[in-house]
Each structure stands twice: as structure tokens, then as C-alpha cells.
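A quick write-up on the structure given underneath.
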């Protein structure tokens with residue numbers, strides 16, 4: 201309550217909206233993205249020996265948007281704009297040196313013959329060429345990214361099916377540990393919840409086997425697969 205009061209005192213125009221309670225794991229992609237940004241931003245603060253995290257958002261997001269993921273083989277910047285970011289260091293140094301040497305001529309100082317050529321009615325033609333070339337380049341980048349993404353998805357599906365065949369099989373009354381996601385616990389809470397299996401659900405349409413479990417506080421409503429569990433039988437022996 202004191203935190204909310206202090207926020208209201210510091211920012212009188214602040215409006216607090218009480219929305220519906222949300223489950224963080226239902227937005228897993230967003231939560232993983234936020235966690236990734238948080239780690240990179242923390243590394244930036246450590247490297248620059250700074251606590252001014254808002255100043256680090258720009259370079260951090262620029263670095264993230266120009267990293268090549270394994271799935272698409274294209275940077276997020278390329279997928280949005282159809283080209284790599286234009287931040288070539290030598291290029292900007294050259295422009296800076298030209299400005300210092302006064303080798304750049306202002307438009308007002310151009311000869312009249314060049315001015316008349318620049319003012320000719322070629323804008324529509326040049327604009328159409330630019331649009332067509334950019335559209336073609338952008339489509340090519342996205343098509344290549346789509347093919348890479350499909351190949352990655354197929355490879356991941358094969359690995360998943362192979363892992364299902366090798367997964368550990370538990371029995372009723374086995375003691376296992378359920379992994380708790382970081383977004384669902386505090387820093388002091390345990391990352392593993394001890395449980396006891398009391399029911400096994402085998403799906404006929406797939407290779408997946410689900411387990412129903414109970415804790416000292418009651419029965420867990422959801423069922424979990426073997427990949428979500430840790431064998432604690434050896435720990436208890």
C-alpha cells in the first residue's frame with residue numbers, strides 16, 4: 201500500500217487500472233522475451249559500470265534486433281525493413297571528415313544547370329523504381345526466413361518425437377519433483393515441488409504420457425508430462 205501511495209505522490213497524473221488476474225505462463229513467449237532483455241540490460245549496466253538503465257535500452261534493443269536467430273537465419277531488423285541496419289562505422293567517419301574539410305556542397309551553392317536537372321519531373325519515376333526494388337528485396341528476405349523457419353520447425357519436431365521415445369517412464373506412487381517456472385515463484389521459493397504420482401494418463405493418439413500428482417497440500421488439477429518431472433526416488437533412499 202505504501203508503494204502505491206508513493207507512486208501516486210511522485211506522479212500525480214498516474215492512473216492505476218486494476219485488470220483481471222493473469223497467469224504468467226499463458227504469456228510464456230512475452231515472459232521469456234522480457235527475461236532475455238533483462239539479462240542483456242544487466243550485462244550492459246555491469247560492463248559500463250552504470251545504474252542508468254534507461255540509457256542502456258537503446259543499444260541493448262539495437263543489439264537484440266540485429267542478432268541472427270537459428271530459426272530464421274535473419275535478423276529481426278531485416279525481417280521488418282528488408283535490409284541490414286545502416287550503422288557502418290567507416291561510413292559515418294567519412295561523412296564527418298567531409299563536413300570538417302568542407303568538401304560537401306550545399307544545395308544552394310550548386311550550379312544552375314545541376315539545379316535545373318534536379319528540379320526536373322523525374323521524382324515519380326525514381327520513386328516507383330525505389331518502391332519496386334525495396335519490395336522485391338523485402339519479399340526475398342521474408343521468403344528465405346520462412347523457409348529457414350519451416351526447416352527449423354521440422355527438425356525440432358523430429359527431435360521432440362525422438363525424445364518422447366527415450367523419456368523416463370514413471371509408475372504410480374513414485375516420488376517426483378515438479379519444476380516451477382521462475383515467473384511463478386519468488387527468489388526465496390523452491391524451484392522444485394515434491395509430488396507423488398497417483399494416476400497415469402496414456403493418450404492413444406500420440407506418444408505422450410501424462411501424470412496426475414498430489415502434494416502435501418492437495419491434488420494438482422493439471423497433468424504433466426515426463427519432461428516436466430524430476431526423479432526424486434534416489435534422493436529419498
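Residue numbers (my numbering): 201 to 437. Idealized CB from N, CA, C, for every residue including glycine. Since the model is a prediction, treat every value here as computed from it, not as a measurement.
Residue 376: first and last residue of the uninterrupted beta strand (DSSP E) it sits in | To locate residue 376, count along the chain shown from 1; it is residue 176. Residue 376 -> beta strand (DSSP E) spans 375-379.
Could you spell out where the alpha helix (DSSP H) holding residue 431 opens and where it closes?
-> For the purposes of this step, residue 431 is identified with residue 231 of the chain shown, where counting begins at 1. Careful: residue 431 lies outside any alpha helix (DSSP H), inside the beta strand (DSSP E) at 429-431.
For residue 480, the first and last residue of its enclosing alpha helix (DSSP H) | Because the chain in this structure spans residues 201 to 437, residue 480 falls outside the shown range and cannot be described.
Cβ-Cβ distance between residue 377 and residue 392 below 8 Å | Within the chain shown, numbered from 1, the residue matching residue 377 stands at position 177. Within the chain shown, numbered from 1, the residue matching residue 392 stands at position 192. Closer than 8 Å, so yes.
Go ahead and label residue 360 buried or exposed: buried means 16 or more other beta carbons lie within 10 angstroms of its beta carbon, across all protein chains shown.
-> Translated into the one-based positions of the chain shown, residue 360 becomes position 160. Here residue 360 is exposed, its C-beta having fewer than 16 other C-beta atoms within 10 Å.
Could you tell me which uninterrupted beta strand (DSSP E) segments, each at least 3 residues in length, are contained entirely in the region 335-380, listed from first to last along the chain?
-> If you keep only unbroken beta strand (DSSP E) runs of at least 3 residues inside the region 335-380, you get 375-379.
Looking at C-beta atoms only, is the number of pairs between the region 410-428 and the region 348-359 that lie closer than 8 Å three or more?
-> no
Excluding five sequence neighbours on each side, which residues of the same chain lie with their C-beta closer than 7 Å to the C-beta of residue 433?
-> For the purposes of this step, residue 433 is taken as the residue at position 233 of the chain shown. Contacts found: 374, 375.
Helix, strand or coil: how does DSSP classify residue 212 here?
-> One-based indexing of the chain shown puts residue 212 at position 12. Residue 212 falls in the coil class under three-state DSSP.
Since residue 367 and residue 426 are thought to touch, with beta carbons under 8 Å apart, how far apart are those beta carbons, to the nearest angstrom?
-> Counting from one through the chain shown, the residue named residue 367 turns up at place 167. Counting from one through the chain shown, the residue named residue 426 turns up at place 226. That belief holds up - the Cβ atoms of residue 367 and residue 426 are roughly 4 Å apart, short of 8 Å.
If you drop the 5 nearest sequence neighbours on each side, which residues of the same chain put their C-beta closer than 7 Å to that of residue 267?
-> Translated into the one-based positions of the chain shown, residue 267 becomes position 67. The answer, listed in chain order, is 275.
What are the partner residues of residue 414, as DSSP defines its beta bridges?
-> Your numbering for residue 414 matches position 214 in the chain shown. BP columns for residue 414 point to 396, 419.
Mark residue 246 as exposed unless 16 or more other C-beta atoms lie within 10 angstroms of its C-beta, in which case mark it buried.
-> By one-based count along the chain shown, residue 246 stands at place 46. So residue 246 ends up on the exposed side.
Use the C-beta contact count for residue 346: other C-beta atoms within 10 angstroms, 16 or more gives buried, fewer gives exposed.
-> In the chain shown, the residue the question calls residue 346 occupies position 146. With fewer than 16 other Cβ atoms within 10 Å, it is exposed.
Pick from 402, 369, 401 that is closest to residue 430, judged by C-alpha positions = As a position in the chain shown, residue 430 is number 230, starting the count at 1. Closest by alpha carbon: 369.
By the 10 Å Cβ neighbour count, where 16 or more other Cβ atoms means buried, how is residue 260 classified, buried or exposed?
-> On the chain shown, residue 260 is found 60 positions in, with the first residue counted as 1. Buried.
Can you give the Cα-Cα distance for residue 234 and residue 280, rounded to whole angstroms?
-> Taking the chain shown and counting its residues from 1, the one referred to as residue 234 is at position 34. Taking the chain shown and counting its residues from 1, the one referred to as residue 280 is at position 80. Computed Cα separation, rounded: 20 Å.
Find the nearest neighbour of residue 363 within the set 421, 348, 428, judged by alpha-carbon distance.
-> Within the chain shown, the letter at position 163 stands for residue 363. Minimum Cα distance to residue 363 is reached at 428.
Indicate the three-state DSSP secondary structure (helix, strand or coil) for residue 390 in the structure shown.
-> Taking the first residue of the chain shown as position 1, residue 390 is located at position 190. Correct three-state label for residue 390: coil.
Could you check where the alpha helix (DSSP H) with residue 264 kicks off and where it finishes?
-> In the chain shown, residue 264 corresponds to position 64, counting from 1. Counting along the chain, the alpha helix (DSSP H) containing residue 264 begins and ends at 253-264.
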